[in-house]
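Okay, structure first, notes after.
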Amino acid sequence: MIPGSLTERAERLEEYYSIHFPALSGMVKQCFLNTIETTVKKLPDGSYFVITGDIPAMWLRDSSAQVRPYVKYAKNDPELREILESVIEKQARFVLIDPYANAFNESCNNEGHTDDDTKQNGNVFERKYEVDSLCAPAYLAYRYFKETGSRNIFTKAFHEMMLTVLKVFTDEQRHAGSEYYFRRYNCPKTDTLPNGGLGRPVNYTGMTWSGFRPSDDRCIFGYLIPSNMMAVKALGYMSELLREGYNDIKNAEKCELLAEDIEEGIKLYGIVDHNRFGKMYAYETDGYGNHILMDDANSPSLLSMPYIGYCSKDDVLYRNTRNYVLSADNPYYKEGKEAKGVGSPHTPEGYIWHIGIVMQALTSTDRDEIMNCLDMLSRTHAGTNYMHESFDPDDPERFTRPWFAWANTLFAELLDDLMEKDFF
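Going by my numbering, the sequence shown opens with residue 257, and the numbers climb by one from there.
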């Protein structure tokens, strides 16, 4: 059963776009409801589990992103509050099982990547360590608390989860002493870490190390700038939640100090002077002076900086970085006959992502740019009325992942925001 507040909002969205942008009207309702209709499962113990769509596991990042657009409708909807509070608690318990894992099974069923050379657990579907995975539950919980004022999220497990995240982020400032390693065999090199599963060496910068990107591809250099930006914000949210929920001033202050360390590291090591775009952010660095200049459609990305709350849309460094990201200088930006946008090395060469086009619109201050993004989104769903993972910008009938709930709900979030602003 779909919570009433979501059904009502979906119907309003459909009506609004049937008037103002008919080409989107057949998509908006089903994309808005896609997560709640098809990926949220109530388990026998009464808790809720959120799959990504066509993969039957719960990613910390994806599940947070999938339910994010629903949070602002939860205050007066007890059924929706029950679901969201259960998801927050589920994420906390997953982190306590293994803070280095990115995706989990609905039970201890030993499904997933059981042949990986890493610390195994039957609850874990995949153990790729990604900084943004640990940020996502803090983002969701903070947003939920601010919208509803509910203190039900302040459980023992959630408190322990925040302390665990604080410890891991601190430990991974000096990755050489970390317990984490990861190797996968007979796979693309993007699915495994070099150097015996430890990753390439990094210098101390104040930032926190990540083994893998939000795409689940490995980092080449261990300090992933967009994920460290997200960590700065997540630690700020955790500080407030620790104070408000537990009166834990000591650990709240530790979060604030760690956020300052990471922020300083971003500013000292993560900014480059590009000969065309001026001072801008790199995508990755190792702290030894090496950088990767690129952006990936998966969020957190450089393009998504305002969306994740790190800076304003008008920030000068962001504008320079954005100009780079949306140019041919970014190796994963492509222009085709039917569309243009940011893709990812995670998907076929030359394909672009619906998430990238949506994020471009969500972070734009230009009406014409937003309209152009909406036009592309309305024409590139291959007749399915759903968003996909990636597609060929010359031929949108060629795409990956027909059922990708994160892309659907992010698209619906964009349309919901535009309706709220009465954009048309």
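Glycine included, each C-beta is placed from N, C-alpha and C at the ideal position.
A contact between stretches requires three or more CB pairs, one per stretch, nearer than 8 Å, and the segment 511 to 525 meets this requirement with the segment 491 to 500. Of the other Cβ atoms in all chains shown, 16 or more fall within 10 Å of the Cβ of E362; this residue is therefore buried.
In this model, C443 and T464 are separated by some 27 Å (Cα to Cα). Only residues of its own chain outside the window of five on either side were considered, and among them L316, R317, N358 have a CB closer than 6 Å to the CB of S389, listed in chain order. Considered as a whole, the segment 385 to 422 harbours 387 to 404 as its complete alpha helix (DSSP H) runs of no fewer than 4 residues, in chain order.
In chain order, I564, G565, Y566 place their CB closer than 7 Å to the CB of K489, counting only its own chain and leaving out the 5 sequence neighbours on each side. Nearest to Q286 by alpha-carbon distance, out of D648, E382, E403, I258, is I258. For the 9 Å CB-CB criterion, P482 and S555 form a contact. By the Cβ test, the segment 618 to 634 is in contact with the segment 270 to 285, since at least three Cβ pairs between them sit closer than 8 Å. Between Y385 and F438 a beta carbon distance of about 7 Å is seen, short of the 8 Å cut, so the two are scored as contacting.
Counting along the chain, F350 sits inside the alpha helix (DSSP H) bounded by residues 334 to 353. Judged by beta-carbon spacing, M615 lies within the 9 Å limit of L666, meaning their Cβ atoms are closer than that value.
Per the C-alpha coordinates, the member of V343, T619, E338 positioned closest to M314 is V343. In the DSSP assignment, H530 falls outside any alpha helix (DSSP H) and within the unbroken beta strand (DSSP E) covering 527 to 530.
Taking a cut-off of 8 Å for Cβ pairs, the segment 413 to 424 and the segment 498 to 505 touch, as three or more such pairs fall below it. Beta-bridge partners of G597 (DSSP): K590. Our two residues, A330 and V528, have alpha carbons roughly 42 Å apart in a direct line. DSSP places V380 in the strand class (E or B) of the three-state scheme.
Residue state for L480 is assigned as strand, using DSSP reduced to three classes. For the pair G592 and N576, the Cα-to-Cα distance works out to about 24 Å. Contact check for D371 against Y441 passes: the beta carbons are separated by less than 9 Å. According to the DSSP assignment, E653 belongs to the beta strand (DSSP E) that extends over 651 to 656. Exclusion of the five residues before and after E382 leaves N358, A359, G368, H369 as the residues of its chain whose Cβ lies within less than 6 Å of its Cβ.
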